[in-house]
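To keep things clear, I will list the structure first and then write my remarks on it.
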Amino acid sequence: MASIPANSATIAMGKVDPDRLRFKFSRNIKERLIEGVLFFAALVSVLTTLGIVFILVYESIAFFRQVSLWLFLTDTMWTPLFSEPRYGILPLLTGTLVTSGVALAVAIPIGTIIAIYLSEFAPFSVREVAKPFLELLGGVPTIIYGYFALLFVTPLLQKIWPDLPGFSMLSAGLVMGVMIIPYVSSVAEDAMRAVPMAIREGSYAMGATRFQTAVRVVTPSAISGIAAAYILGISRAVGETMIVAVAAGMQPNFTFNPAEPAATITAYIVQVALGDLPHGSIGYQTIFAAGLTLFLLTLFFNVLGHWMRRRYREAY
Amino acid sequence: MSVPLPAVTPDHEAKLRSLRSLIANHKRWDILFAGVGVICLAFGMLAFVALFFQMAIDGTPRINWDFFTSFPSRRAENAGILSAWIGSTLVMFVTALAAVPLGVGAGVYLEEYAPNNWITQIIEINVTNLAGVPSIVYGLLALGLFVYQFGLGQSVLTAGLTLALLILPVVIVATREAIRAIPIAIREGAYALGATKWQTTSDHIVPYSMAGILTGVIIGLARAIGETAPIITIGALTFIAFLPPSPIGTEFPFLNFDWLMSPFTVMPIQMFNWTSRPEEAFQVNAAAAGLVLVVMTLAMNGLAIYIRYRLRKNIKW
């Protein structure tokens with residue numbers, strides 16, 4: 001009995017070894033510190049957004065001190081670097097609209113059909129091969145697509161249609177459409193796969209075929225997710241830069257004809273950045289005003305797309 | 317004593333026939349649509365194959381050792397991509413060094429630490445929205461903030477940090493998805509043995525989600541290496557016939573950070589520069605540079621897809 005050390009009794013009585021306490025205290029400090037560091041890392045993304053908004057608004061305010069907002073939105077000429085500058089964003093907007101429109105005319109039908117096929121028709125083995133392949137298609141750098149549009153698609157189109165100029169919104173838009181197919185098909189397919197199996201089984205039990213089930217049951221059930229896929233595709237097309245900068249030409253052109261060359265908002269920014277504009281000049285500020293327009297446009301589509309996507313997630 | 321079958325009247329037979337043809341008709345639509353689906357899928361793949369072969373046919377003649385060891389030149393046949401691939405490597409190094417700790421840290425915070433409050437919600441919404449911001453807008457951020465406000469100039473450091481911010485959402489999302497796949501029992505086991513939150517995270521959560529994080533990092537870097545627009549926007553020069561100072565010095569401490577502030581060019585910029593020239597000889601160079609770039613990004617993406625595939629097959633909790 002006497003072999004029991006004296007201090008074991010004190011521990012049993014509830015007194016704690018002070019060394020252990022100190023250890024725990026330092027442990028807590030370290031834990032808090034690490035949590036703080038990790039929180040900072042998460043905060044960087046918020047700071048990035050704030051930085052983007054700050055710099056775009058800050059430079060745009062300087063721009064709008066010299067150019068009225070009304071003129072910016074209604075003038076049909078965009079010639080900020082000429083001796084008689086005109087600052088109407090409309091030609092850049094129509095360029096963006098037409099190239100995106102052509103791209104979506106390609107990407108939406110093909111992307112939707114691929115999504116329906118992969119989700120409802122394709123055997124497992126086809127899906128296992130096709131999905132990584134589409135992912136690779138989405139991972140190709142856009143400058144490569146630009147090269148492809150300028151030196152492969154444009155000459156090809158000129159064989160069919162000799163009047164087509166060397167730079168055109170049509171070929172840029174078509175290639176951009178191919179680039180967007182994987183985005184549209186993967187988001188739309190996710191939405192369709194989220195539709196519960198029981199809904200399909202119900203349809204088959206009523207004697208419907210695969211095609212009827214896919215088009216009349218699964219697609220309407222996933223419609224908000226599919227719409228989100230389209231909207232995210234629009235946002236991607238509006239913000240796409242290198243394809244249009246390489247293949248659509250860089251001259252602002254107020255036209256809705258896809259067979260003409262024109263500049264988009266993004267192509268204009270590239271064109272100015274390639275030149276040598278002094279910091280603080282009005283030419284320098286125009287790219288931030290153009291960038292703010294682009295940012296607001298894509299933000300609108302992104303928010304709309306995510307809102308719609310969340311709606312379908314809540315449905316089941 | 318069987319019940320007599322109803323007599324088959326001509327009227328009956330006509331109904332049956334029309335029913336059968338209706339069913340056959342509907343089944344025809346099935347086959348038709350499957351055909352259209354395969355055609356659309358083939359179109360996507362064909363576009364990819366055409367793109368790759370067009371580049372390979374145009375570019376392969378220019379690909380030789382000299383192409384990798386020569387500077388750009390005014391004469392197309394002498395021009396090479398030495399400064400471009402070294403610039404890309406250095407920029408990617410900075411990008412990875414900035415994006416990996418920040419992205420993984422943010423992902424770990426959001427999954428393991430973040431309380432469920434409005435700050436967390438703002439961070440989450442923000443990450444989702446950042447992923448949709450066009451890359452050229454990041455270029456404007458870098459031009460206004462890094463180049464002029466912080467005075468970093470048109471340097472390797474500016475480009476690396478810009479691309480790091482660009483791929484941050486990719487790394488964060490990949491980290492979160494990898495961590496979310498770890499069952500709660502692993503955490504409970506660690507806590508039961510008296511581990512603190514950080515010990516649990518650093519000894520268990522992060523190592524177990526490493527493959528998923530790696531996939532995200534590789535996909536992010538593959539995207540960054542092909543990104544052209546933000547680098548053009550910060551005003552990176554396109555004609556660079558010199559290399560940044562070597563990062564390894566001859567004197568103590570053998571490390572040299574001057575290269576961070578050096579002007580540079582990268583692969584996609586070099587390619588853009590050659591593509592936009594009217595001479596055909598330069599467009600051949602562009603194809604060769606494009607081929608190198610596409611092989612690089614495809615290899616990176618392929619590696620990421622392979623790691624993910626292995627992961628799905630091997631891990632069973």
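Those protein sequence lines, which keep their order, are chains A and B. Mapping of the first sequence onto the numbering used here: position 71 corresponds to residue 71, and the numbering continues sequentially without gaps. In the numbering used here, each number is its position in the second sequence, counted from 1, plus 316. C-beta atoms are modelled at their ideal positions from N, C-alpha and C, and glycine is treated no differently.
Collapsed DSSP secondary structure at residue i in the structure displayed
i	result
B/TRP514	helix
A/TRP78	strand
B/ASN394	helix
B/PRO546	helix
B/TRP590	helix
B/ILE498	coil
A/ALA2	Here the model assigns A/ALA2 a pLDDT of 44, short of 50, so the residue's position is not dependable and the matter cannot be decided.
B/ASN432	coil
A/GLY291	helix
A/GLU314	Its pLDDT being 49, under 50, A/GLU314 is placed unreliably in this model, and the value from its coordinates should be taken loosely. Helix, per DSSP.
A/TRP161	coil
A/ASN302	helix
A/PRO123	coil
A/THR241	coil
B/PRO579	coil
A/MET251	Note on identity: in this sequence residue 251 of chain A is Gln, with Met being the wrong assignment. A/GLN251: coil per DSSP, three-state reduction.
B/LEU537	helix
A/SER281	coil
A/GLU201	helix
A/THR213	helix
B/ALA422	helix
B/ARG624	helix
Proximal chain B residues relative to residue i, where beta-carbon distance stays under 9 Å
i	result
A/VAL246	PHE588, THR591, SER592
A/THR49	ASN442, ASN445, LEU446, VAL449
A/PHE322	Only positions 1 to 316 of chain A appear in this structure, which leaves residue 322 of chain A out of reach.
A/VAL323	The first residue shown for chain A is 1 and the last is 316, placing residue 323 of chain A beyond what the model contains.
Where residue i falls, given that 16 or more other Cβ within 10 Å makes a residue buried
i	result
B/PHE558	exposed
A/ILE29	exposed
A/VAL344	Residue 344 of chain A is absent from the model: chain A starts at 1 and stops at 316.
B/TYR622	exposed
B/VAL424	buried
A/GLU66	The sequence given here places Gln at residue 66 of chain A; Glu does not occur at that position. Exposed is the call here.
A/TYR87	buried
B/ARG624	buried
B/MET583	buried
B/ASN638	Since the first residue of chain B shown is 317 and the last is 633, residue 638 of chain B is not available in this structure.
B/TRP575	buried
B/GLN437	exposed
A/PHE124	exposed
B/LEU635	Because chain B is modelled from 317 through 633, residue 635 of chain B falls outside the range shown and cannot be assessed.
A/VAL106	buried
A/ILE110	buried
B/LEU335	exposed
A/MET179	buried
B/ASN617	buried
A/THR74	exposed
B/TYR507	exposed
DSSP beta-bridge partners of residue i
i	result
A/TYR87	A/TRP78
Under 7 Å by beta carbon: chain A residues contacting residue i
i	result
B/ASP346	THR209, ARG210, PHE211
B/VAL443	SER45
B/MET361	PHE133
B/ILE621	PRO132, GLU135
B/TYR464	HIS279
B/THR613	GLY139, VAL140, PRO141
Within chain B, the residues that residue i reaches when beta carbons sit closer than 7 Å
i	result
A/ALA130	LEU357
A/VAL184	Simply none; closest approach about 11 Å.
A/ALA273	ILE548, THR549, GLY551
Contact set between residue i and chain A, taken where Cβ atoms lie within less than 8 Å
i	result
B/THR544	PRO141, THR142, ILE143, THR241, MET242
B/LYS343	THR209
B/GLN370	PHE148, LEU151, PHE152
B/TYR425	GLU35, LEU38, PHE39, ALA41, ALA42
Neighbour list for residue i in chain A, Cβ cutoff strictly below 9 Å
i	result
B/GLN437	Correct list: empty, because the minimum Cβ distance to chain A is about 11 Å.
B/SER404	Chain A residues near B/SER404: none, gap ~11 Å exceeds 9 Å.
B/VAL352	ILE113, TYR117
B/TRP401	What B/TRP401 touches in chain A: nothing, since even the nearest Cβ is about 14 Å away.
B/LYS331	Within 9 Å Cβ-Cβ: nothing; B/LYS331 doesn't reach chain A, min ~16 Å.
Under 8 Å by beta carbon: chain B residues contacting residue i
i	result
A/GLY318	In the structure as shown, chain A starts at 1 and stops at 316, and residue 318 of chain A therefore has no counterpart that could be examined.
A/LEU97	In chain order: nothing, as chain B lies at least about 15 Å away.
A/THR266	PRO450, ILE452, ALA545
I'd like the ranges of any beta strand (DSSP E) spanning at least 3 consecutive residues and lying wholly in the region 461 to 485 of chain B.
The qualifying runs do not exist here; there are none.
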